[in-house]
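Taken in order, these protein sequences are the chains called V and S. Here the first sequence is numbered in the working numbering, starting from 1 and rising by one per residue. Here the second sequence is numbered in the working numbering, starting from 1 and rising by one per residue. Comments concern the structure below.
There are 2 protein chains.
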Amino acid sequence: MFHLNISKSTLQRLPLYLNYLKSVRDKYVNISATIIADALKLNDVQVRKDLASVSSSGKPKVGYVTEDLIKELEDFLGYNTVNNAIIVGAGKLGKALMGYSGFKEYGLNILMAFDSDPKVIDEAERIMPIEKLPEFCRKMNIKIGIITVPAQNAQEVCDLLVESGVLAIWNFAPVHLRVPEDILVQNENMAAALAVLSNHLAEKLK
Amino acid sequence: MFHLNISKSTLQRLPLYLNYLKSVRDKYVNISATIIADALKLNDVQVRKDLASVSSSGKPKVGYVTEDLIKELEDFLGYNTVNNAIIVGAGKLGKALMGYSGFKEYGLNILMAFDSDPKVIDEAERIMPIEKLPEFCRKMNIKIGIITVPAQNAQEVCDLLVESGVLAIWNFAPVHLRVPEDILVQNENMAAALAVLSNHLAEKLK
DNA sequence: TATTTATCGATATAATTATATCGTTATAAA
DNA sequence: TTTATAACGATATAATTATATCGATAAATA
Numbered sequence: 001m002f003h004l005n006i007s008k009s010t011l012q013r014l015p016l017y018l019n020y021l022k023s024v025r026d027k028y029v030n031i032s033a034t035i036i037a038d039a040l041k042l043n044d045v046q047v048r049k050d051l052a053s054v055s056s057s058g059k060p061k062v063g064y065v066t067e068d069l070i071k072e073l074e075d076f077l078g079y080n081t082v083n084n085a086i087i088v089g090a091g092k093l094g095k096a097l098m099g100y101s102g103f104k105e106y107g108l109n110i111l112m113a114f115d116s117d118p119k120v121i122d123e124a125e126r127i128m129p130i131e132k133l134p135e136f137c138r139k140m141n142i143k144i145g146i147i148t149v150p151a152q153n154a155q156e157v158c159d160l161l162v163e164s165g166v167l168a169i170w171n172f173a174p175v176h177l178r179v180p181e182d183i184l185v186q187n188e189n190m191a192a193a194l195a196v197l198s199n200h201l202a203e204k205l206k
Numbered sequence: 001m002f003h004l005n006i007s008k009s010t011l012q013r014l015p016l017y018l019n020y021l022k023s024v025r026d027k028y029v030n031i032s033a034t035i036i037a038d039a040l041k042l043n044d045v046q047v048r049k050d051l052a053s054v055s056s057s058g059k060p061k062v063g064y065v066t067e068d069l070i071k072e073l074e075d076f077l078g079y080n081t082v083n084n085a086i087i088v089g090a091g092k093l094g095k096a097l098m099g100y101s102g103f104k105e106y107g108l109n110i111l112m113a114f115d116s117d118p119k120v121i122d123e124a125e126r127i128m129p130i131e132k133l134p135e136f137c138r139k140m141n142i143k144i145g146i147i148t149v150p151a152q153n154a155q156e157v158c159d160l161l162v163e164s165g166v167l168a169i170w171n172f173a174p175v176h177l178r179v180p181e182d183i184l185v186q187n188e189n190m191a192a193a194l195a196v197l198s199n200h201l202a203e204k205l206k
């Protein structure tokens, strides 16, 4: 697999293609970028370019073999590989993510949550004290860490994760995290999303 | 307030600025775009341009008055205005979001969840049958809807929300929603985030 | 008071991302 | 068998977004 030079925007559209393809796999044996673009209200050239980075099987007049494309997307997106992860911050959001079974589908397996508050520790519920994080990460070879602590603690948690060998961080705190160059931070900024919503409403209702 | 011509990327950075400013309000009476940019690892011109869309009080050599800027950002982002919202889909994610108190801080007040499955209806827990959604939205003047149903049901739920007067939709399903021009869809695509994480790992570990 | 400095706002350039165009090819219809 | 068409890939153009440059200005220092 050649995971090179693929833009974040492309990468973020791939799951949409995959989802759409799965929903029409019975309907189309072959499918074209034009049809996909139409269904997802995107530009067909964009779809074609995006797909070119995971597949090279497109044929003029015919398009792509739907099942092949699904397979290629799933492989590329790592849905067929299990990635073990841990969560730091066992508050409401952390627990919710941990309890959310939907991530399995994407190859994400959340093994454990960690928290600094002794009151929430509960090993039966898979919540351990943060002191045990480094050892756990090394032993289990954890490469993905999810941060759901309050903004003011996010950076220190981030540092701890990096020290413990984590390579990719999914950050739910509304802060910018400073990390070494080779570590990826993916921000899931709910505040940012809300900003967009609220701004739209202010526009509409004024 | 003039909410015009502001790019989504800018809008998404504003909460970061606000959060940072709050964390240093005791330290700096005045603050410059340079300092903010440095702290958030952004370009100073970008910060200045972003701030120009909410404030016009920057002074050479001095920068901005921290407290004024905080106030302006909060107003602009609508954190001082309560936006009532509802959730459709009372599965794990829906319940989690509903129970998550953090949104209050951003002016988002989730009043009720709706679901089509009679087994999960529980008015004491603020989960109502989906049939009651349109009436509820109209009566309570709901303008924000949050979609946490499975991908295959997302479009019909979206249509229902639009019919019921909702103007902005926060979509957690990994699908593209088709809506009239004046309705905003903000996608919180967890699958997309995971795609980015997984791709990075594949790169690093290959 | 003159000079230096940090910073602003405005404008210009660069980089990235999206869209349009064009030649080619595989299939279907005439 | 020829012609038409849908769709591909490649390349070119347009739009958006980020970064760099520059003159102006408020405060600090000489």
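Positions of the beta carbon are idealized from the N, C-alpha and C atoms, including for glycine. Since we're looking at a predicted model, the values are computed, not measured.
Taken through DSSP and simplified to helix, strand or coil, TYR79/V comes out as coil.
Chain-ordered, the chain S residues with CB closer than 8 Å to the CB of ASP182/V read LYS204. With a beta-carbon spacing of about 7 Å, LEU77/S and LEU18/S fall inside the 8 Å limit used to define contacts.
Burial state of THR148/V is buried, judged by a 10 Å Cβ sphere holding 16 or more other Cβ atoms. For ILE144/V, the nearest beta carbon of chain S is closer than 9 Å to its own beta carbon.
DSSP places VAL47/S in the uninterrupted alpha helix (DSSP H) bounded by 44-52. Residues of chain V whose Cβ lies closer than 8 Å to the Cβ of TYR100/S are, in chain order, LYS92, LEU93 and ALA96. The three-state secondary structure of LYS59/V, taken from DSSP, is strand.
Closer than 7 Å at the C-beta level to chain V, one finds these residues of the segment 157-175 of chain S: LEU167, ALA168, TRP170, PRO174 and VAL175.
Listed along chain S is no residue with a C-beta nearer than 7 Å to that of TYR64/V; the closest approach is about 19 Å. Contact between the segment 157-173 of chain V and the segment 135-146 of chain V is established, with three or more Cβ pairs separated by less than 8 Å. Annotation: VAL179/V to ALA37/S spans about 16 Å, alpha carbon to alpha carbon. Positions of the beta strand (DSSP E) runs, each at least 3 residues long and wholly inside the segment 138-179 of chain V, are given as 144-147 and 168-171 in order along the chain.
Listed along chain S, the residues sitting closer than 9 Å to ILE6/V by beta-carbon distance are ASN199. In the three-state reduction of the DSSP assignment, ILE35/V falls in the helix class, which pools H, G and I. Any Cβ of chain V closer than 9 Å to the Cβ of GLN186/S would place that residue at the interface, and such an atom is present.
Cβ-Cβ distances below 6 Å link GLN46/V to nothing in the same chain once the five nearest sequence neighbours on each side are left out. Contact annotation, GLU188/V with ALA96/S: C-beta distance approximately 13 Å; criterion of less than 8 Å not satisfied. Per the C-alpha coordinates, the member of GLU74/V, ASN30/V and LYS27/V positioned closest to LEU16/V is GLU74/V. Of all residues in the segment 113-129 of chain S, none is placed with a Cβ closer than 7 Å to any Cβ belonging to chain V. Around ARG178/V, the beta-carbon contacts reaching into chain S at under 7 Å are LYS41.
Per the coordinates, the alpha-carbon of VAL62/S lies some 17 Å from the alpha-carbon of ASP26/S. Nearest CB-CB separation between TYR20/S and chain V: below the 9 Å threshold. Annotated three-state conformation of ASP122/S is strand, per DSSP. Judged by DSSP secondary structure, VAL185/V falls within the beta strand (DSSP E) whose first and last residues are 184-187.
Listed along chain V, the residues sitting closer than 8 Å to VAL196/S by beta-carbon distance are LYS8, LEU11, GLN12, LEU184 and GLN186.
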